[in-house]
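K.L.:
The structure follows.
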Amino acid sequence: MIYAMSDIHGCIEEFQRLMKQVDLSGDNRIVFCGDYIDYGDGSCQVLKYIWDLQKKYGAEKVVVLKGNHEQMFLDWISDYRNPYPDGTEDYMTFNDWLRTDFESGADTIRTFISKQQMDSLNTISRTCSMETINREAFQMILSNYEKLILWIEQMPSYFETENQIFVHAGVDEEAGEYWMWGTVDRILLGKFPATKGKFYKTIVAGHVGTGTWSLANDRNYHDVFYDGESHYYIDGSVYKGGKLLLLAYDEENGKYYQVENRKMILVRTFDKYQ
85 MIYAMSDIHG CIEEFQRLMK QVDLSGDNRI VFCGDYIDYG DGSCQVLKYI
135 WDLQKKYGAE KVVVLKGNHE QMFLDWISDY RNPYPDGTED YMTFNDWLRT
185 DFESGADTIR TFISKQQMDS LNTISRTCSM ETINREAFQM ILSNYEKLIL
235 WIEQMPSYFE TENQIFVHAG VDEEAGEYWM WGTVDRILLG KFPATKGKFY
285 KTIVAGHVGT GTWSLANDRN YHDVFYDGES HYYIDGSVYK GGKLLLLAYD
335 EENGKYYQVE NRKMILVRTF DKYQ
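Using the numbering used here, count along the sequence shown one by one with no gaps and you end on 358.
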């Protein structure tokens with residue numbers, strides 16, 4: 085069995101609850117398809133949970149892919165770890181990374197630092213520039229979680245099996261069997277809109293913006309979206325009132341299931357798409 089999950093977005097309680105339905109015994113494995121941080125109140129906790137799981141079972145059994153939100157975080161880290169040599173201050177700021185204001189964005193930063201450190205950031209935010217706040221936040225996170233950050237930096241962007249390509253957003257399908265050489269990170273991590281139709285391998289991905297409801301054109305739909313051809317999308321928009329999705333591929337019968345309430349529900353073509 086190959087399990088897949090994507091777009092957890094800091095929703096630690098939903099994540100821990102759903103992980104109780106994952107069986108990693110025998111040859112079973114799980115592929116996490118990115119976007120573990122932002123929006124929810126447990127970004128760092130989600131990362132630590134997955135990191136510990138991979139250390140326990142190994143990288144072949146617990147595959148952890150990078151999402152666009154991890155890449156934004158790494159870009160922010162990189163800018164403050166390696167300032168531009170010409171002395172300019174064209175940094176990816178804390179606001180740019182989270183695409184929000186400091187008060188809201190602090191919900192993510194708070195998960196990486198202690199309460200005392202957060203109090204310090206709140207204090208300096210009253211009088212200091214965003215540049216100074218960014219630098220302080222970076223130093224705090226680096227001092228607390230340097231090894232975790234190194235692990236995030238080493239996350240691959242896709243995982244390929246004989247039958248599937250697991251990826252956060254998608255691949256360049258026009259390249260056909262040469263997708264691996266034709267697909268840049270911008271597509272792997274941020275392809276939009278989601279592709280439907282026939283491809284020579286099955287694509288399992290998340291990153292469909294507002295969730296699978298947007299593909300179904302039904303705001304009440306938060307389940308796995310299968311286009312009837314080669315694409316399974318597993319972003320249930322958990323942080324927007326949807327739900328976290330767990331896909332399971334049975335390698336013996338070649339069928340895909342949505343795991344929910346400890347039941348294996350066969351994934352069928354979304355009927356409104358037919």
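We put the CB at the ideal spot given by N, CA and C, even for glycine.
(1) In chain order, what are the residue ranges of uninterrupted alpha helix (DSSP H) at least 4 long that sit wholly in the segment 87–115?
(2) List the DSSP bridge partners of Phe243.
(3) Does the beta carbon of Met214 sit closer than 8 Å to a beta carbon anywhere in chain B?
(4) Taking 8 Å as the cut-off, decide whether the C-beta atoms of Leu299 and Phe309 are in contact.
(5) Would you report the Cα separation of Leu272 and Gln342, rounded to the nearest angstrom?
(6) What separation, rounded to the nearest whole angstrom, lies between the Cα atoms of Ile197 and Gly94?
(7) Which residues bound the beta strand (DSSP E) around Lys347?
(8) Have a look at the DSSP bridge pairing and note the partners of Tyr316.
(9) So, is Lys324 buried or exposed, given that buried needs 16 or more other C-beta atoms within 10 angstroms?
(10) So what's Lys145 in DSSP terms, helix, strand or just coil?
(11) Tell me the rounded alpha-carbon separation between Tyr305 and Thr207.
(12) Should Asn218 be labelled buried (16 or more other beta-carbon atoms within 10 Å of its own) or exposed?
(13) So what's Lys280 in DSSP terms, helix, strand or just coil?
(14) Can you tell me whether Ser90 is buried or exposed? The criterion is at least 16 other CB atoms within 10 Å of its CB, across all chains shown.
(15) Taking the DSSP output, what are the residues bridged to Lys339?
(16) Throw me the rounded Cβ distance for the Asn152 and Gly274 pair, which I believe falls under 8 Å.
(17) If you draw a straight line from the alpha carbon of Lys139 to that of Thr211, how long is it in whole angstroms?
(18) State buried or exposed for Thr216, treating a residue as buried only when at least 16 other CB atoms are found within 10 Å of its CB.
(19) Identify, in the order they occur along the chain, each residue of the same chain with its Cβ nearer than 7 Å to the Cβ of Tyr141, setting aside the five sequence neighbours on each side.
(20) Check Ser188 in the structure and name its three-state DSSP category.
(21) Distance check for Met224 and Gln200, CA to CA, integer angstroms please.
(22) Assign Thr353 to one of two classes, buried (16 or more other C-beta atoms within 10 Å of its C-beta) or exposed (fewer than that).
(23) For Asn337 and Gly126, I'd like the C-alpha separation in whole angstroms.
(24) Based on Cα-Cα distance, which residue from Leu350, Lys145, Leu331, Leu158 lies nearest to Tyr87?
(25) Just how far apart, CA to CA, sit Thr145 and Asn112?
(26) Report the residue from Ala143, Leu234, Gln238, Tyr123 whose alpha carbon sits nearest the alpha carbon of Arg194.
(27) Nearest to Cys117 by alpha carbon, out of Gln100, Lys104, Ile249, Ala259?
(28) Using beta-carbon positions only, say whether Ile121 and Leu137 come within less than 8 Å of one another.
P.N.:
Walking through what the data contain:
(1) 96–103
(2) Stepping through the sequence shown from its first residue, residue 243 is reached at position 159. Paired residue(s): Phe250.
(3) No chain B appears in this structure, which consists of one protein chain only.
(4) Reading the sequence shown from its first residue, position 215 is the one you call residue 299. Reading the sequence shown from its first residue, position 225 is the one you call residue 309. In contact: Leu299 and Phe309 (Cβ atoms closer than 8 Å).
(5) For this step, residue 272 is matched to residue 188 along the sequence shown. For this step, residue 342 is matched to residue 258 along the sequence shown. Taking the straight line joining both Cα atoms gives about 24 Å.
(6) By one-based count along the sequence shown, residue 197 stands at place 113. By one-based count along the sequence shown, residue 94 stands at place 10. Each residue's CA atom was taken as its position, placing Ile197 and Gly94 some 15 Å apart.
(7) Taking the sequence shown and counting its residues from 1, one reaches residue 347 at position 263. Start and end: 347–350.
(8) Within the sequence shown, residue 316 is the residue found at index 232, counting from 1. Paired residue(s): Val288, Tyr310.
(9) Locating residue 324 in the sequence shown gives position 240, counting from the first residue. Exposed, since its Cβ has fewer than 16 Cβ neighbours within 10 Å.
(10) The count along the sequence shown starts at 1 and reaches residue 145 at position 61. The answer is coil: DSSP assigns Lys145 none of H, G, I, E or B.
(11) Within the sequence shown, the letter at position 221 stands for residue 305. Within the sequence shown, the letter at position 123 stands for residue 207. Answer to the nearest angstrom: the Cα atoms are 43 Å apart.
(12) For the purposes of this step, residue 218 is taken as the residue at position 134 of the sequence shown. The Cβ neighbour count for Asn218, taken over all protein chains shown within 10 Å, is at least 16; the residue is labelled buried.
(13) As a working note, residue 280 is residue 196 in the sequence shown. Residue state, collapsed to three classes: coil.
(14) As a first step, residue 90 must be located in the sequence shown, where it is residue number 6. It counts as buried.
(15) Here residue 339 corresponds to residue number 255 of the sequence shown, with the count starting at 1. The partner list for Lys339 (beta bridge, DSSP) reads Asp334.
(16) If you number the sequence shown from 1, residue 152 lands on position 68. If you number the sequence shown from 1, residue 274 lands on position 190. Correct: roughly 5 Å between the Cβ atoms.
(17) For the purposes of this step, residue 139 is taken as the residue at position 55 of the sequence shown. For the purposes of this step, residue 211 is taken as the residue at position 127 of the sequence shown. One C-alpha to the other measures close to 42 Å.
(18) Position 132 of the sequence shown holds residue 216. Thr216 should be labelled exposed.
(19) To locate residue 141, count along the sequence shown from 1; it is residue 57. Excluding residues within five positions, the ones whose Cβ falls inside 7 Å are Leu108.
(20) Locating residue 188 in the sequence shown gives position 104, counting from the first residue. For Ser188, the predicted structure reports a pLDDT of 42, less than 50, and the residue's modelled location is therefore unreliable. The matter cannot be settled from this model.
(21) Here residue 200 refers to the residue found at position 116 when the sequence shown is read from its first residue. Here residue 224 refers to the residue found at position 140 when the sequence shown is read from its first residue. Roughly 11 Å separates the two Cα atoms.
(22) Here residue 353 refers to the residue found at position 269 when the sequence shown is read from its first residue. The residue is exposed, with fewer than 16 neighbouring Cβ atoms inside 10 Å.
(23) As a first step, residue 337 must be located in the sequence shown, where it is residue number 253. As a first step, residue 126 must be located in the sequence shown, where it is residue number 42. Each residue's alpha carbon lies about 36 Å from the other.
(24) Here residue 87 corresponds to residue number 3 of the sequence shown, with the count starting at 1. It is Leu331 whose Cα lies nearest to the Cα of Tyr87.
(25) Stepping through the sequence shown from its first residue, residue 145 is reached at position 61. Stepping through the sequence shown from its first residue, residue 112 is reached at position 28. Contrary to the premise, residue 145 reads as Lys rather than Thr in this sequence. If you take the alpha carbons of Lys145 and Asn112, they lie about 7 Å apart.
(26) Looking up residue 194 in the sequence shown gives position 110. Of Ala143, Leu234, Gln238, Tyr123, the residue nearest in Cα terms is Tyr123.
(27) Numbered from its first residue, the sequence shown carries residue 117 at position 33. The candidate whose alpha carbon is nearest that of Cys117 is Ile249.
(28) Walking along the sequence shown from the start, residue 121 turns up at place 37. Walking along the sequence shown from the start, residue 137 turns up at place 53. Against a cut-off of 8 Å, the Cβ pair of Leu137 and Ile121 comes out as no contact.
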